[in-house]
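In the working numbering, the protein residues as written are 180 to 283.
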């Protein structure tokens with residue numbers, strides 16, 4: 180029950196924060212240096228979520244070819260960096276991850 184209360188509380192807090200920008204009704208203009216820095220926030224957050232899961236899927240660090248999470252993550256990063264397109268890189272890495280999980 181405590182987990183559900185925490186989830187509901189976080190959802191309501193997120194809704195309140197996002198709605199406040201709509202309710203206040205004025206447009207926020209950030210300084211150029213902050214706008215450039217905010218451009219990298221989604222990548223940093225996604226990396227903070229994905230990298231620990233890829234390096235330690237079972238709770239301990241697994242740097243081996245049998246770690247399909249790590250291979251899929253490296254594949255997605257390399258394809259996104261090389262092509263500059265995120266969605267095809269993610270789809271290709273999901274396909275690779277599925278194949279590795281099937282044969283592993």
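We treat Cβ as the ideally placed atom computed from N, Cα and C, and that holds for glycine. Given the structure is predicted, the values throughout are model-derived calculations rather than measurements.
Assuming residue i contacts residue j under a Cβ cut-off of 8 Å, what Cβ separation, rounded to an integer in Å, is found between them?
{"i": "residue 279", "j": "residue 250", "result": "6 Å"}
{"i": "residue 236", "j": "residue 246", "result": "7 Å"}
{"i": "residue 209", "j": "residue 201", "result": "Actually they are not in contact, since the Cβ atoms of residue 209 and residue 201 sit about 18 Å apart, beyond 8 Å."}
Do the CB positions of residue i and residue j come within less than 7 Å of each other?
{"i": "residue 229", "j": "residue 252", "result": "yes"}
{"i": "residue 248", "j": "residue 227", "result": "no"}
{"i": "residue 254", "j": "residue 270", "result": "no"}
{"i": "residue 265", "j": "residue 259", "result": "yes"}
Let's see if you can read the secondary structure: which residues bound the alpha helix (DSSP H) around residue i?
{"i": "residue 239", "result": "Element bounds for residue 239: n/a, residue is neither H nor E."}
{"i": "residue 277", "result": "265 to 282"}
Would residue i be called buried (16 or more neighbouring beta carbons within 10 Å of its own) or exposed?
{"i": "residue 243", "result": "exposed"}
{"i": "residue 268", "result": "buried"}
{"i": "residue 272", "result": "buried"}
- Task: Pick out the complete alpha helix (DSSP H) segments inside the region 199 to 233, 4 residues or longer, and give them in chain order.
- Result: Fully contained in the region 199 to 233 are the following alpha helix (DSSP H) runs of length 4 or more, in chain order: 211 to 217.
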